[in-house]
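Contents: one structure, followed by commentary.
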Amino acid sequence: MYVVLVHYTAPLAEVDALLADHSEWLAHHQDSGEFIAAGRRHPRTGGVIIARSMSRGQLDAILATDPFVVHKVAKQEVIEFQALRTIPELAEYADHLTPSE
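Numbering follows full-length UniProt numbering, in which position 27 of the sequence shown is assigned residue number 27; successive positions increment by one, without gaps.
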């Protein structure tokens with residue numbers, strides 16, 4: 001699984017101008033089951049995305065299409081972890097790949 005930390009690199013006015021497109025992008029990847037959860041950080045300096053287990057290449061390809069990244073108003077920090085323990089409701093999202101596969 002992955003935790004993606006989104007760090008804004010532009011003023012909030014520029015971020016807000018792309019918020020609708022970014023929200024559509026998030027919804028698409030949540031609907032497809034690739035993203036488990038997403039939301040704003042507090043204070044509002046960026047966001048957090050929890051992504052299911054997949055190859056790092058697949059995740060990088062998805063993240064590269066984020067309108068915030070395409071328009072250079074944010075950068076992403078990816079933290080990969082192996083979810084060895086989860087609550088039953090999250091078991092289907094746990095690692096089925098070895099790290100960095």
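All C-beta atoms in this analysis are idealised placements derived from N, C-alpha and C, irrespective of residue type, glycine included. Predicted, not measured: the structure shown is a model, and the values here were computed from it.
Taking residue i as the reference, which of the options has the closest Cα?
i           : options           : result
residue 140 : I87, E80, G39     : Missing from the structure shown is residue 140; the chain here goes from 1 to 101 and no further.
S23         : D66, M1, R52, L84 : D66
S55         : V78, A20, L18     : V78
Check whether the Cβ atoms of residue i and residue j sit closer than 9 Å, and answer yes or no.
i           : j   : result
V73         : V15 : yes
H7          : G39 : no
Y93         : I36 : yes
M1          : Q76 : no
residue 153 : H71 : With the chain represented from 1 up to 101, any question about residue 153 goes unanswered, as that position is not in the structure.
Using a 10 Å radius around the Cβ and a threshold of 16 neighbouring Cβ atoms, would you call residue i buried or exposed?
i   : result
H42 : exposed
R52 : buried
V4  : buried
I87 : exposed
L63 : buried
H29 : buried
Which residue comes first and which comes last in the beta strand (DSSP E) that contains residue i?
i  : result
L5 : 2 to 8
Got a sec, what are the start and stop residues for the alpha helix (DSSP H) residue i sits in?
i   : result
E24 : 19 to 31
Residue ranges of each beta strand (DSSP E) within the stretch 39 to 73, 3 or longer: If we require 3 residues or more, the beta strand (DSSP E) runs fully inside the stretch 39 to 73 come out as 46 to 51.
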